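Chains as they are written, first to last, in the working numbering: chain A, 101 to 437; chain B, 101 to 437; chain C, 101 to 437; chain D, 101 to 437. Glycine is no exception: its CB is placed at the ideal position from the N, C-alpha and C atoms. Quick caveat: nothing in here was measured; it's all calculated off a predicted structure.
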């Protein structure tokens with residue numbers, strides 16, 4: 101931690117700050133520069149992080165030196181984490197594709213889509229039973245009925261199921277029906293939900309919030325790990341910017357950055373990230389080329405009848421084409437699907 | 101709703117779209133332009149909003165004409181809503197100031213701060229018992245103990261209490277202790293929490309999410325109103341931008357915009373919006389001048405000992421000065437505090 | 101300057117960095133912490149700023165401690181700069197209002213508008229002869245003809261004239277006709293234009309770029325001052341964010357921030373900043389309350405016939421109302437108009 | 101163009117608008133909905149685009165239906181444009197790599213770097229003689245001396261030269277020394293520079309502004325094309341967002357979007373887009389996979405001595421590795437380098 105003092109900081113103010121820092125068992129090193137005095141603090145930065153040093157008289161600003169996360173960092177665990185769910189490994193050489201409809205709408209449609217994506221090489225079925233919708237008047241999902249369909253279709257097709265939990269009260273029921281729990285972008289900083297997800301021990305798919313920095317994203321994962329659950333897969337799904345051609349702007353650099361900073365697997369959601377089906381294939385290829393451990397893609401066999409986000413769903417034949425393309429990319433970088 | 105077709109849309113595609121629209125009981129008006137054919141839809145736009153028209157063959161884009169919210173809109177209720185909580189009216193000529201510490205830390209400190217802000221003219225006491233913190237290692241609030249302090253201090257000082265609920269399971273307990281429930285920025289799209297807040301009938305202070313448009317902000321309020329609770333006060337607290345001198349960028353134009361679009365009261369939080377105590381007074385003055393119905397301000401008598409966000413808290417004497425200044429502004433625009 | 105080393109930095113890497121820093125005549129202070137070694141550099145930070153220290157082996161990041169600007173900073177000149185143009189003082193107790201059409205369209209219209217704004221208390225006439233337009237097919241301004249109208253109307257009404265220069269080759273001609281030269285948002289980082297503006301010695305109105313931080317804004321002003329021209333007035337005119345109700349988001353906190361960091365005057369442009377005439381008055385009031393030294397406002401007597409940005413122009417009677425309102429605010433904060 | 105009226109628009113207001121539109125030779129279609137009346141306009145939208153319809157009494161908003169650009173659009177020219185510069189084709193099956201130092205620093209270093217990048221397969225040499233720098237105190241480039249080095253080194257190595265022009269007065273001289281002229285991000289809306297670039301007929305590399313939408317980017321290219329120069333290569337180089345780990349956020353979706361909307365070639369600059377050399381390779385791979393026609397990459401053989409942006413420059417051996425990797429990606433998608 102570096103404490104930069106104001107040009108007019110007095111000796112007694114400096115003394116006061118040093119006393120405070122030392123009272124926490126930390127050592128200081130004072131550097132009187134031409135224009136500013138700087139106090140460097142040696143010792144566990146976390147002890148200081150929770151102190152409101154900025155308000156001490158004479159302080160201009162406080163600059164943390166270390167990242168605030170621990171358990172998720174590659175410093176803590178240098179080798180890649182591989183999250184294994186019922187035999188499907190996420191974070192290994194083999195790239196994992198999750199696919200399915202945005203929302204579960206009815207049993208037959210779900211089965212039809214699941215069979216189609218399975219045939220093309222997807223290993224995880226996605227589909228929402230609880231849907232976070234901006235409008236109270238939009239379709240909100242089938243609830244437990246939808247979970248039942250997911251479980252049944254998963255069993256029938258041999259696909260693992262991932263589905264979103266929006267409400268902390270639903271963790272238990274979702275855990276019963278699904279192999280992997282998704283925490284959506286809007287809940288990335290729903291801290292109590294993160295804690296419960298940590299306690300639950302279920303594999304978690306944590307999506308990046310639309311307005312969250314990579315650092316905050318990792319801090320949210322830290323909530324889960326620090327509650328005892330290391331089975332976390334991260335998902336870049338686009339951030340909010342001024343560009344309005346796409347629904348969000350996929351931050352593809354988040355993939356290699358997270359690979360550097362953390363040992364956790366990272367996948368990309370090109371469907372929600374762009375909001376336009378015609379961009380899903382090129383962004384999927386970019387994600388794999390950048391080192392993504394997987395993809396989560398919306399596929400719908402009857403988008404005209406979809407109750408949610410039809411515009412970003414691929415038809416099964418387009419999905420098949422996408423799978424062929426990304427297999428080529430995977431091979432080119434020494435991975436497989 | 102306007103449906104813009106692609107230049108190469110065929111007659112049979114156009115026919116297909118028209119049939120779909122008419123099957124919903126709506127009327128269409130087709131306009132064949134030089135470069136594009138456009139289909140205007142007459143009737144209740146909401147019927148179409150949930151249809152994935154973008155995926156119909158031949159469609160280039162779909163442009164909604166009307167705002168997606170209803171109950172919160174000024175079209176629906178032309179006169180200002182005044183939210184009354186135990187005699188305190190929010191949204192009337194008198195500007196309301198909520199003040200207090202970021203987090204409730206201990207009883208004596210809370211009482212000291214409450215007495216100080218009361219003396220200066222605040223009518224509502226703010227303070228968090230449950231704190232949303234980016235890091236799992238930061239102080240998370242006193243929980244129910246904090247709620248008890250708030251209730252007791254509120255009673256002793258005659259201040260109404262507003263405090264945040266982060267967890268849907270805590271609505272009932274927070275309702276018991278506080279006069280007004282705050283839904284924080286990170287939960288603005290926690291839709292189930294919004295629904296329960298609607299059902300609870302308690303006055304709600306809904307903060308704008310850091311990455312939320314004004315339209316989404318109003319849609320979140322719509323969740324509360326559509327569940328039967330019209331006692332909603334909105335709060336602008338800064339949005340996330342590239343500017344890094346302040347923690348967030350206060351969107352002061354949100355105040356007059358919301359006044360135009362909605363009948364609900366709107367207040368401003370200059371403490372969280374800027375993250376710097378020295379900006380709280382000028383931003384408070386700007387907010388009142390722009391038409392804000394109130395302010396929510398962090399005040400702390402010992403910021404050096406604050407367990408949360410000391411850097412944005414005002415000392416009581418600075419708060420007193422602020423109150424004097426905004427009284428002058430209020431008078432200048434024909435309001436009072 | 102603080103140099104943070106990687107956890108795996110070797111002794112010889114550290115030695116290499118220290119040698120480099122010392123070879124520049126600077127002193128170092130090495131702090132070996134638990135997790136990281138940090139090198140603090142004492143001496144003129146500017147010497148180091150141009151060194152690519154980030155690429156030295158073993159370096160994790162480099163954190164500058166001081167602001168990169170000098171002449172524009174309040175540290176350099178603690179008292180407010182008052183820019184005086186033909187008797188009009190900007191940056192003093194008296195708030196200055198610049199008003200006029202977006203573009204100069206014809207002589208009679210310009211005169212009519214100028215007379216109207218003069219009557220209401222404006223002291224500077226704004227109006228573009230050269231117009232930066234997103235589309236090559238939009239009206240690009242009258243050029244020198246427009247400058248002549250401005251000069252003549254300014255003389256006739258006793259208003260000082262401010263007008264934009266877009267092209268470095270036009271500085272001389274614009275200087276001949278106008279009392280003050282505007283550098284627009286899109287040219288805030290047109291560095292050669294800034295240099296010439298510095299050399300010209302004309303009073304400059306420098307607008308903040310849509311995507312520029314406050315620090316970059318001040319660095320652009322530094323270009324002008326460092327070329328010998330201290331007559332610079334800054335103008336906040338909105339930054340680009342995800343919010344799409346307004347054209348830009350006015351960052352009202354920029355006003356008090358710039359007042360703290362710099363001695364230069366700062367005004368606000370609520371017309372371009374919002375893009376909607378109905379928001380101009382509330383944002384003008386907010387700007388004055390926040391400490392702005394002035395306003396620049398679009399006024400048009402026949403907005404239906406405006407060739408540029410009619411939607412954000414006020415009618416003269418609305419402008420009159422605005423002037424009355426901000427006089428009240430100015431009085432409330434101890435200033436005048 | 102769709103004109104949406106306010107709910108309280110009167111018959112005479114509607115009549116007034118219709119008269120205006122018809123006076124321009126356009127046809128209208130009025131649609132009286134349940135909640136709003138809408139006027140659809142048939143005919144050349146451009147005629148209306150320059151009319152300030154928003155200010156007409158009774159108008160709520162105006163929604164353009166068509167894109168505002170013409171010559172750059174794929175509607176105008178369905179086949180890909182291939183820009184050919186001295187035998188190097190940009191926009192064809194073969195991917196083009198431009199590489200070199202950020203700034204030209206001295207002759208020997210430039211030659212060394214040029215030879216290194218040539219050996220790895222680059223065909224165009226990049227390097228700045230005029231450098232846009234945020235600070236007036238940073239290295240501003242060697243000017244004409246640098247241009248001479250570029251020309252000479254280009255000749256010696258057989259590399260085509262691209263270099264930036266910052267000042268409209270330098271177009272002629274830069275044209276003399278370089279095969280291709282770069283217009284940088286900060287000048288993307290320097291409209292007079294764009295016009296002159298159009299008149300010059302030289303191949304232009306136009307970089308996307310940090311705060312510019314794709315639509316605005318294409319409009320800036322339209323300035324060049326509409327002045328007679330169709331030899332334009334577009335370059336995505338990152339936009340400004342709240343994410344602060346990277347200098348900018350590369351909007352990789354811009355590549356397939358521009359491919360859809362326009363016939364012009366598009367390349368990506370991963371060096372400026374990320375600001376960190378370790379991200380250049382993964383982002384390069386992503387760009388190629390997404391369909392980019394090329395890359396522009398900073399390479400420096402002695403980054404410790406670079407006078408500009410050393411932190412984002414690759415060493416020649418890292419560049420060699422990158423070239424190998426992207427060759428594999430190119431092959432996987434049926435292209436070559």
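Check                                                                                                                                                                    : Outcome
Whole angstroms is fine: what's the gap from residue 321 of chain D's alpha carbon to residue 108 of chain C's?                                                          : 47 Å
With a cut-off of 8 Å on the beta carbons, I'd call residue 211 of chain A and residue 227 of chain A a contact; round off their distance for me.                        : Not really, about 11 Å apart at Cβ, beyond 8 Å.
Quick one: is residue 414 of chain B buried, meaning 16 or more other Cβ sit within 10 Å of its Cβ, or exposed?                                                          : buried
Apart from the five residues just before and just after residue 70 of chain D, which ones in its own chain have a Cβ nearer than 8 Å to its Cβ?                          : No statement about residue 70 of chain D is possible, as the shown extent of chain D runs from 101 to 437 and does not include it.
Can you find a C-beta in chain B that's less than 9 Å from the C-beta of residue 206 of chain A?                                                                         : no
Ignore the nearest five residues each way along the sequence and tell me which others in residue 243 of chain B's own chain have a CB closer than 7 Å to its CB.         : 229 and 230
Of all the residues that make up the segment 288-305 of chain A, which are near chain B by a beta-carbon distance shorter than 7 Å?                                      : 289, 290, 291 and 292
Suppose you measure from the CA of residue 425 of chain B to the CA of residue 216 of chain B; what does that come to, to the nearest Å?                                 : 17 Å
Shorter than 9 Å from the beta carbon of residue 340 of chain C to some beta carbon of chain A?                                                                          : yes
Which chain A residues sit within Cβ distance under 9 Å of residue 114 of chain B?                                                                                       : Simply none; closest approach about 15 Å.
Is the segment 352-360 of chain D touching the segment 256-270 of chain C, taking contact as three or more C-beta pairs under 8 Å?                                       : no
Please confirm whether residue 131 of chain D has its beta-carbon closer than 9 Å to some beta-carbon of chain B.                                                        : yes
Entirely within the segment 219-297 of chain A and at least 4 residues each: give me those alpha helix (DSSP H) ranges in chain order.                                   : 244-257 and 271-277
Quick one, which of C:258, C:118, C:274 and C:431 has its alpha-carbon nearest residue 156 of chain C's?                                                                 : C:118
Are at least three pairs of beta-carbons, each pair with one atom in the segment 286-303 of chain D and one in the segment 314-331 of chain A, less than 8 Å apart?      : no
So is residue 434 of chain D buried or exposed if we call it buried at 16+ other beta carbons inside 10 Å?                                                               : exposed
Can you pull the chain A neighbours of residue 343 of chain D, defined as C-beta to C-beta under 7 Å?                                                                    : 313, 314, 339 and 351
Determine the contact status of residue 329 of chain B and residue 302 of chain B, defining contact as a CB-CB distance below 9 Å.                                       : yes
Mapping the DSSP letters down to three states, classify residue 311 of chain C as helix, strand or coil.                                                                 : coil
Would you list the residues sitting across from residue 203 of chain A in a DSSP beta bridge?                                                                            : A:228
Using a Cβ-Cβ distance cut-off of 9 Å, determine whether residue 126 of chain A contacts chain D.                                                                        : no
Taking the alpha-carbon of residue 232 of chain C as reference, which of D:287, D:110, D:406 and D:405 has the nearest alpha-carbon?                                     : D:287
Can you tell me the Cα-Cα spacing of residue 196 of chain D and residue 133 of chain A, whole angstroms?                                                                 : 49 Å
Going by other Cβ atoms of all chains shown within 10 Å of its Cβ, with 16 needed for buried, is residue 361 of chain B buried or exposed?                               : buried
Just confirm the distance between the C-beta atoms of residue 213 of chain D and residue 200 of chain D, as a whole number of angstroms; I'd bet it's less than 8 Å.     : 6 Å
Give me the Cβ distance between residue 306 of chain C and residue 172 of chain C, rounded to the nearest whole Å; I'm assuming they're in contact under 8 Å.            : Rounded, the Cβ-Cβ distance is 10 Å, inconsistent with contact.
Alpha carbon to alpha carbon, how far is residue 222 of chain D from residue 416 of chain D?                                                                             : 12 Å
If you measure between the beta carbons of residue 135 of chain B and residue 166 of chain D, is that distance less than 9 Å?                                            : yes
Closer than 9 Å, CB to CB, is residue 118 of chain B near chain D or not?                                                                                                : no
Exposed or buried, which one is residue 376 of chain C when buried takes at least 16 other CB atoms within 10 Å?                                                         : buried
Can you round the beta-carbon distance between residue 392 of chain A and residue 366 of chain A to whole angstroms, since I take them to be within the 8 Å contact cut? : 6 Å
With a 10 Å radius around its C-beta and 16 neighbouring C-beta atoms as the bar for buried, classify residue 176 of chain B as buried or exposed.                       : exposed
Please return the same chain residues whose Cβ sits closer than 6 Å to the Cβ of residue 186 of chain B, not counting the five positions on each side in sequence.       : 260 and 279
At a Cβ threshold of 9 Å, is residue 79 of chain C touching chain D?                                                                                                     : Any property of residue 79 of chain C remains undetermined from this structure, which presents chain C solely from 101 to 437.
Would you report the Cα separation of residue 422 of chain B and residue 163 of chain A, rounded to the nearest angstrom?                                                : 29 Å
So with CB distances below 8 Å, who are the chain A contacts of residue 383 of chain D?                                                                                  : 352, 353, 356 and 390
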